[in-house]
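Take a look at the structure set out below.
There are 2 protein chains.
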Amino acid sequence: MEIGQLQQKIGARVRTLRESKGISQQNLAAICNFEKANLSRLEAGRTNPTVSTLYKISQALEIPLSDIVDIDD
Amino acid sequence: MEIGQLQQKIGARVRTLRESKGISQQNLAAICNFEKANLSRLEAGRTNPTVSTLYKISQALEIPLSDIVDIDD
DNA sequence: AGTGGTGTTATCATTTATGATAACCTCATT
DNA sequence: AATGAGGTTATCATAAATGATAACACCACT
Numbered sequence: 516m517e518i519g520q521l522q523q524k525i526g527a528r529v530r531t532l533r534e535s536k537g538i539s540q541q542n543l544a545a546i547c548n549f550e551k552a553n554l555s556r557l558e559a560g561r562t563n564p565t566v567s568t569l570y571k572i573s574q575a576l577e578i579p580l581s582d583i584v585d586i587d588d
Numbered sequence: 516m517e518i519g520q521l522q523q524k525i526g527a528r529v530r531t532l533r534e535s536k537g538i539s540q541q542n543l544a545a546i547c548n549f550e551k552a553n554l555s556r557l558e559a560g561r562t563n564p565t566v567s568t569l570y571k572i573s574q575a576l577e578i579p580l581s582d583i584v585d586i587d588d
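First to last, the sequence lines map onto chains R and L.
The C-terminal residue of the first sequence carries number 588 in my numbering, and the numbering is unbroken.
The C-terminal residue of the second sequence carries number 588 in my numbering, and the numbering is unbroken.
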């Protein structure tokens with residue numbers, strides 16, 4: 516699997532998880548202490564996030580970190 | 516949980532998984548196409564890895580990516 | 001038409017991960 | 001003592017993630 520595809524899948528997964536909690540991008544970004552634009556970029560799969568960024572998101576969504584990277588490979 | 520602790524846990528997890536497969540750092544690094552020094556740095560918890568780096572490691576170890584970030588939080 | 005909420009995209013500066021190399025340590029073996 | 005395997009640490013350049021801001025689009029509602 517290519518890096519671009521991985522980023523897309525991670526982004527899509529974050530979006531799905533966020534929406535399932537009914538939170539807006541701005542809200543989630545605020546909880547994570549970063550800008551909504553950055554979250555939009557991540558969800559669009561246009562970045563290769565660090566584990567700390569994904570961890571912040573997992574904490575904000577109250578889910579285990581492994582859930583975010585749980586993609587079919 | 517702090518970022519430093521997270522890095523430590525991820526590094527330790529990679530080390531455990533690598534050793535359970537009986538592979539050396541140099542070997543794993545070679546498969547992943549990066550230098551052994553970089554893997555040492557990662558296992559020591561002195562870097563905040565990107566998801567692509569962890570993905571390469573998971574592929575080399577033939578385990579799901581989620582296994583690497585499956586830490587108790 | 002205006003307002004507010006949501007999301008996108010571009011851009012820039014700054015921080016940091018990564019790639020790469022070299023020097024060093026420990027330990028086992030010859 | 002010498003060699004080699006495994007691992008560590010420091011350093012440097014380069015690539016890229018992040019922080020931050022601004023401008024824009026879309027939609028619902030008044």
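Cβ atoms here follow ideal geometry from the backbone N, Cα and C, with glycine treated the same way.
Remember, it's a predicted structure, so these values are computed and weren't measured experimentally.
Cα-Cα separation, residue i to residue j
i	j	result
Gly519(R)	Thr568(L)	13 Å
Ala552(L)	Arg533(R)	37 Å
Arg556(L)	Ala545(R)	31 Å
Arg530(L)	Ile538(L)	10 Å
Asn548(R)	Thr565(L)	19 Å
Residue i in three-state terms, based on DSSP
i	result
Thr531(R)	helix
Thr565(L)	strand
Glu558(R)	helix
Ile518(R)	helix
Status (buried if at least 16 other CB within 10 Å, exposed otherwise) for residue i
i	result
Lys536(L)	exposed
Glu577(R)	exposed
Gln541(L)	exposed
Any chain R beta carbon closer than 8 Å to residue i
i	result
Ser555(L)	no
Min CB distance residue i to chain L below 8 Å
i	result
Leu580(R)	yes
Ile518(R)	yes
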